[in-house]
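In the working numbering, the protein residues as written are 1 to 685.
Written below as structure tokens is the structure these notes are about.
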RNA sequence: GGCGGGAUAGCUCAGAUGGUUAGAGCGUCGGAUUCAUAACCCGGAGGUCACGAGUUCAACUCUCGUUCCCGCUACCA
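Dropping the structure here:
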């Protein structure tokens with residue numbers, strides 16, 4: 001295995017249009033933080049880079065909605081996010097933002113560099129343009145009717161009602177979200193990064209060179225590479241972002257996915273500029289082949305960090321590439337997908353209001369149940385159980401027992417270590433073996449197992465006390481009692497070290513109780529951390545039990561969110577603009593009987609209907625297969641359809657019309673079916 | 001439909017390159033104990049490793065097929 005001199009750790013830049021929640025923490029920031037702390041404890045050269053991602057269209061939309069400037073939005077969330085990370089002890093060496101001056105300069109230079117080397121392809125395409133506002137419209141800035149579910153408030157990139165992704169040209173009745181005017185198509189020029197040119201290089205580098213990457217990461221990369229890569233636009237027509245640094249170009253900015261990962265580099269530069277004596281020249285962290293670059297991300301970011309960003313770095317030519325990209329899966333909350341827009345989340349700043357000073361509890365639980373190999377579920381009941389049964393009952397309890405006994409029998413001073421028996425030696429040796437186990441696991445990014453091993457050391461301590469029974473021995477052998485407690489206290493000191501990367505706040509508290517200064521990883525396994533006669537502080541509880549009522553309150557809070565969501569989803573869509581009666585009469589809507597209905601092969605959503613329309617019959621395709629798993633049961637029933645659409649080919653079949661369905665609050669579709677049997681071909685008027 | 005990931009004890013999850021009785025924590029049942037936040041400690045029960053074939057002396061582990069979940073992708077007048 002290749003050895004490195006230093007490590008650059010990055011964790012995905014959180015998008016500054018909302019606060020951060022437990023999913024972010026569990027999947028990205030805690031693992032990265034554990035790793036960074038671990039390397040620092042080992043005395044290795046390491047930096048941990050973070051920052052907010054503040055450009056992009058969603059932020060401009062949110063700003064518009066609230067009547068604020070985009071800068072106001074990112075200022076707000078940047079400070080909330082930054083504070084949450086500080087509160088949870090995420091130990092960034094720098095936490096900056098992509099609206100910083102440094103970043104503007106670095107990102108521009110990066111673009112310029114590729115531009116001058118001829119690494120981009122220029123392409124002209126037609127895009128929607130708002131003549132009234134005098135600007136091109138980002139996909140998100142175009143609203144219109146979703147062609148699938150007819151939701152009137154669909155966006156140009158996606159319909160939030162039915163969840164389908166769209167392209168702006170698919171929208172019916174497109175409207176500019178800025179001025180409300182009808183946009184027109186207009187030519188615009190953009191720069192593209194020709195990913196297809198990096199196909200061979202990437203295949204070789206990842207598929208051949210990095211078979212050790214996690215299966216989910218490797219698999220996803222393979223999937224993309226097998227599909228074949230396409231050029232990707234690196235600029236957009238927008239006024240929020242880094243201006244494209246090309247003479248004569250106006251109204252264009254770097255596309256956010258291009259600008260964001262460069263943020264890792266600019267934040268590193270900012271950090272080095274602020275503390276050159278500590279961090280040195282920034283290029284050591286990004287250009288020295290002896291530096292190991294690691295990206296901690298969630299699974300949604302795999303493509304960017306394994307395909308796109310490496311292509312950018314490669315195109316630039318002077319940068320190192322990531323050595324590994326330990327991407328995690330997603331964390332669910334009480335059985336449902338975490339969702340910012342649906343407020344289905346545990347927000348970090350809210351957690352600390354309800355559980356002040358208990359950030360380590362969340363850190364512990366999220367690591368114990370981290371989505372390392374597949375999506376996992378966070379439940380408050382599990383949270384409570386892990387706290388009460390593990391942190392309190394195993395770790396806290398052992399420490400408390402050792403300290404209280406020492407207080408009681410030796411007035412809070414570390415007693416002498418007498419002659420050791422085999423059991424004592426075994427227990428002390430366990431500290432050393434735990435060290436090795438934890439190292440092996442952390443080195444391979446197995447954080448949950450590593451933490452489990454740390455907890456095992458506390459279990460060993462409890463068992464040691466139960467077996468040696470110092471409270472009995474003290475009655476006739478004070479010296480032996482002292483030895484037992486000495487061993488127990490050394491064990492407690494070791495716990496403070498081994499838990500340091502995982503539970504930094506608790507380790508600090510424990511060190512305070514033991515009157516110990518900061519320790520380093522190398523000390524782990526030592527049995528002389530506390531000298532004889534060393535005075536301990538008065539014992540406190542390391543963790544507190546969490547009672548049922550506090551958990552019930554959290555569950556109730558979530559239930560209320562759920563109810564609020566359900567009732568709000570029932571809000572009918574706003575009424576459409578008036579149409580004339582003549583317009584309506586041009587539509588020919590009819591009733592027909594389903595003669596046959598079957599799934600279209602190789603199409604997930606399509607059902608093929610054969611309809612008796614009283615006029616010789618016709619075939620219509622409809623995208624409702626998901627809601628009618630047994631299409632044959634529709635045979636013999638009647639449906640309504642638009643009869644006078646021109647035929648359209650779908651999946652090689654001519655569809656002669658459109659079958660009418662109504663949309664339910666959850667986005668599912670239900671056929672409109674007459675209650676009373678009607679003549680086939682009957683017109684709906 | 002294509003591609004990728006997953007399916008292991010009641011629950012949440014581990015199980016490199018195939019090899020003796022498949023693991024952990026929690027929960028449950030029983031025992032022991034009282035220094036400790038009724039905590040700790042010991043023991044038991046509990047799994048046809050999604051399903052069906054195949055390769056092999058041997059498969060949870062490899063191959064093929066099927067079912068279900070997650071993601072990307074195609075399709076959605």
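Quick reminder that beta carbons are idealized off the backbone N, C-alpha and C, glycines included.
- Contact between the region 387-404 and the region 454-467 is present: 3 or more CB-CB pairs across the two stretches fall below 8 Å.
- By the neighbour-count definition (other C-beta atoms within 10 Å, threshold 16), residue 276 is an exposed residue.
- Leaving aside the five residues that flank residue 517 on each side, the residues in its chain whose CB is nearer than 8 Å to its CB run, in chain order, 511.
- For residue 78, the uninterrupted alpha helix (DSSP H) segment begins and ends at 70-87.
- Assignment of beta-bridge partners to residue 243 by DSSP yields 253.
- Residue 655 sits buried, since 16 or more C-beta atoms from the chains shown fall within 10 Å of its C-beta.
- Shown here, residue 289 sits in coil according to DSSP, grouped into three states, outside any helix or strand.
- Taking a contact to require three or more Cβ pairs closer than 8 Å, the region 342-359 and the region 26-35 do not qualify as touching.
- Residue range 348-354 is occupied by the alpha helix (DSSP H) that includes residue 349.
- Note on residue 36: 16 or more other CB atoms within 10 angstroms of its CB, so buried under the neighbour-count rule.
- The beta carbons of residue 257 and residue 268 sit about 19 Å from each other, so the pair does not count as a contact at 8 Å.
- Per DSSP, residue 101 is one residue of the alpha helix (DSSP H) stretching across 101-116.
- A contact between stretches requires three or more CB pairs, one per stretch, nearer than 8 Å, and the region 183-191 meets this requirement with the region 119-128.
- Judged by DSSP secondary structure, residue 129 falls within the beta strand (DSSP E) whose first and last residues are 121-130.
- Remark: C-beta atoms of residue 621 and residue 606 approach each other more closely than 7 Å.
- Rounded to the nearest angstrom, the gap between the Cα atoms of residue 218 and residue 104 is 33 Å.
- For residue 185, the enclosing beta strand (DSSP E) covers residues 184-193.
- Excluding residues up to 5 positions away in sequence, 279, 280, 281 and 282 lie with their Cβ nearer than 7 Å to the Cβ of residue 272 in the same chain.
- Under the DSSP definition of a beta bridge, residue 344 partners with 339.
- The region 9-21 makes contact with the region 31-51; the number of CB pairs closer than 8 Å reaches 3 or more.
- Distance from the CA of residue 369 to the CA of residue 184, rounded to the nearest whole angstrom, comes to 51 Å.
- Excluding the 5 residues flanking it on each side, residue 438 has same chain C-beta neighbours closer than 7 Å at 450, 453, 454 and 498, in chain order.
- Of the residues 603, 614, 627 and 673, the one whose Cα lies closest to the Cα of residue 652 is 603.
- DSSP places residue 372 in the coil class of the three-state scheme, outside both helix and strand.
- By the neighbour-count definition (other C-beta atoms within 10 Å, threshold 16), residue 509 is a buried residue.
- Cβ neighbours of residue 73 within its own chain (closer than 8 Å, five residues either side excluded): 16, 17, 59, 62, 63 and 66.
- Between residue 614 and residue 681, the C-beta gap is smaller than 7 Å, which places the two residues in contact.
- The residue from 624, 668, 365 and 644 with its alpha-carbon nearest to that of residue 381 is 365.
- Following the DSSP letters along the chain, one finds residue 480 inside the alpha helix (DSSP H) bounded by residues 478-498.
- Around the beta carbon of residue 443, fewer than 16 other beta carbons lie within 10 angstroms, which makes this residue exposed.
- Looking only at 436, 407 and 480, the smallest Cα-Cα distance to residue 416 is reached by 480.
- Residue 24 sits in a helix when the DSSP states are folded into three classes.
- The three-state reading of DSSP puts residue 367 in helix, counting H, G and I together.
- According to the DSSP assignment, residue 11 belongs to the beta strand (DSSP E) that extends over 6-11.
- Taking one beta carbon from each stretch, the region 373-387 and the region 220-228 have fewer than 3 pairs nearer than 8 Å; the two do not touch.
- Annotation for residue 96: 51, 267 and 270 place their beta carbon closer than 6 Å to its own, counting only its chain and skipping 5 residues before and after.
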